[in-house]
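In our numbering, the protein residues as written are 1 to 264.
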């Protein structure tokens, strides 16, 4: 679970840690995750015998302190045959925040270690994805909001935006939300959003033919052997909705971090 400001999870527990009354669809939607549905033809988004996997190979850094904690790992993406397709280095920075706020950064750098890699055009993917807790989804109490003001799936699905927020009432009846903020240096910023009323929110820069409803559109991206792609996000868990939690201000704080000068 990803715990919210009032002690209740803002992400769905099913199927790993099911709670009473939760929806039971899309078993590959697990809390917060990194995946894509077409990497050199390998489905790393879904689950099953024909799908790929991500295998952690190295723990590069594990550190904690008064300001933040950091986890950094190296991971192989492999096909269902076990053959490596590429690798990523992912870094999670968890910040010590005051009051009801929860905040962490996610940085993912892909490297085409084995040869050219094609990230295929499919809506089935992240790069970063969240499945919100069932009480927060739109059919119950939820509301989706994008940076430009779009509301719910009809106004946000497939659209590009610097951030997207999902808010609603948690299990205790408290208004809470979770936002994904996209860093301007991130590949294909601002990302498109594969966000659904039933509770899915993913930053997907590749599903363009689905988003446009046009099979002639190709949103795929190919990198050569040794080349890299970097994606950066901030996950912002808050009390209130997007306006009450000042998510727009949080985005500006993310892209314009404070600078500290040390004089000796």
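For glycine and all other residues, C-beta sits at the position ideal for the given N, C-alpha and C.
Whose C-beta lies closer than 8 Å to the C-beta of residue i among residues of the same chain, with five residues either side of it excluded?
i	result
residue 70	61, 62, 63, 64, 91, 92, 93 and 94
residue 228	109, 110, 111 and 112
Would you please state the rounded distance, in angstroms, between the beta carbons of residue i and residue j? I believe it to be under 8 Å.
i	j	result
residue 5	residue 246	Incorrect: roughly 14 Å between the Cβ atoms, too far for contact.
residue 267	residue 225	This structure cannot speak to residue 267, because the chain is shown only from 1 to 264.
If we ignore side chains and look at the alpha-carbon of each, how far apart do residue i and residue j end up?
i	j	result
residue 266	residue 81	There is simply no residue 266 to check, as the chain begins at 1 and stops at 264 in what is shown.
residue 41	residue 59	28 Å
residue 145	residue 134	17 Å
residue 205	residue 189	8 Å
residue 264	residue 117	47 Å
residue 139	residue 169	12 Å
residue 253	residue 259	11 Å
residue 241	residue 166	8 Å
residue 213	residue 184	26 Å
With respect to the alpha helix (DSSP H) encompassing residue i, which residues constitute its N-terminal and C-terminal limits?
i	result
residue 271	Missing from the structure shown is residue 271; the chain here goes from 1 to 264 and no further.
residue 208	208-212
residue 215	Where residue 215 is concerned, there is no enclosing alpha helix (DSSP H), given that its DSSP letter is neither H nor E.
residue 76	Per DSSP, residue 76 belongs to no alpha helix (DSSP H); it is in the beta strand (DSSP E), 68-78.
residue 263	Residue 263 -> no alpha helix (DSSP H), and no H or E assigned at all.
residue 152	152-156
Residues in its own chain within less than 6 Å of residue i by CB, not counting five upstream and five downstream?
i	result
residue 54	75 and 77
residue 137	198 and 199
residue 149	none
residue 50	80
Taking 8 Å as the cut-off, is the beta-carbon of residue i closer than that to any non-hydrogen atom of the ligand FAD?
i	result
residue 88	Looking at this structure, you won't find the ligand FAD or any other ligand, since it has none at all.
Using 9 Å as the limit for Cβ to Cβ distance, is residue i near chain B?
i	result
residue 30	Looking at the structure shown, chain B is missing, and only one protein chain is on hand.
Is residue i buried or exposed, if buried means 16 or more other CB atoms sit within 10 Å of its CB?
i	result
residue 129	buried
residue 201	buried
residue 179	buried
residue 156	buried
residue 154	exposed
residue 193	buried
residue 126	buried
residue 243	exposed
Could you name the residues of the same chain whose beta carbon sits closer than 7 Å to that of residue i, not counting the 5 residues immediately before and after it, in chain order?
i	result
residue 301	The chain is shown only over 1 to 264; residue 301 falls outside these bounds and no answer can be derived.
residue 182	162, 163, 189, 190, 191, 203 and 233
residue 19	13
residue 68	93, 94, 95 and 96
Residue range of the beta strand (DSSP E) that residue i falls in?
i	result
residue 134	Where residue 134 is concerned, there is no enclosing beta strand (DSSP E), given that its DSSP letter is neither H nor E.
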